[in-house]
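Residue numbers (the numbering used here): 6 to 151. In this text, a Cβ means the ideal position worked out from N, Cα and C, and glycines have one as well. Treat the numbers as computed from the prediction; the structure is a model and nothing was measured. Worksheet for the structure shown next.
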């Protein structure tokens, strides 16, 4: 029997739901802003091969509800499924990333990369929301992970 385990991380972002959703829905652009993403190529409709510092993963979009949520399945990743949920909060949004793992053996190993993903998203979304030009964005200069 498989005992699925979930991890949830949340970040408040001073950007619109539309800005955040558009960033998350543009998988090919992840290497521009996400610390963990090194290379992504589309290999089918709603399907990408992702190379990151933790390995190579095939990601398939399972669901996309504009400005609300994206859900992906993963092959070759500690996560079997990842959901990104956007909820309006004040002048911005709250983004929750919920990942489903096959067991708890990888739980602590995926926590920091999940937090880094949200920090990367927050920094990039707030940069764009404040009028920043995506061509001027350099994730290595603007993001400091502690």
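Check                                                                                                                                                                  : Outcome
Going by the CB atoms, is the gap between residue 91 and residue 26 shorter than 8 Å?                                                                                  : yes
Could you check the C-alpha separation between residue 72 and residue 109 for me, to the nearest Å?                                                                    : 31 Å
Shortest alpha-carbon distance to residue 139 belongs to which of 8, 19, 37?                                                                                           : 37
Looking at residue 66 and residue 43, is the spacing between their C-beta atoms short of 8 Å?                                                                          : no
Considering residue 117, what are the terminal residues of the beta strand (DSSP E) in which it resides?                                                               : No beta strand (DSSP E) holds residue 117; the alpha helix (DSSP H) holding it covers 112 to 134.
Just confirm the distance between the C-beta atoms of residue 144 and residue 16, as a whole number of angstroms; I'd bet it's less than 8 Å.                          : Not confirmed; about 16 Å, so no contact.
Mind reading off the beta-carbon distance from residue 86 to residue 62? Whole number of angstroms is fine, and I expect it under 8 Å.                                 : Not quite, the Cβ-Cβ distance comes to about 12 Å (not below 8 Å), so this is no contact.
For a test of the three-state rule: what should DSSP assign to residue 151, helix, strand or coil?                                                                     : Confidence in residue 151 is poor, its pLDDT being 45 and thus under 50, which makes the residue's placement too unreliable to answer from.
Between residue 83 and residue 114, which are expected to be in contact by the criterion C-beta below 8 Å, what is the C-beta distance as a whole number of angstroms? : 7 Å
Ordered along the chain, which non-local residues of its own chain (more than five positions away) have a Cβ less than 7 Å from that of residue 131?                   : 18, 19, 20
Taking the beta carbon of residue 104 as the centre, do at least 16 other beta carbons fall within 10 Å, making it buried, or is it exposed?                           : buried
Take residue 142 as the anchor and find which of 53, 23, 34, 69 has the nearest alpha-carbon.                                                                          : 34
Measure the alpha-carbon distance for residue 134 versus residue 119 and round it to whole angstroms.                                                                  : 22 Å
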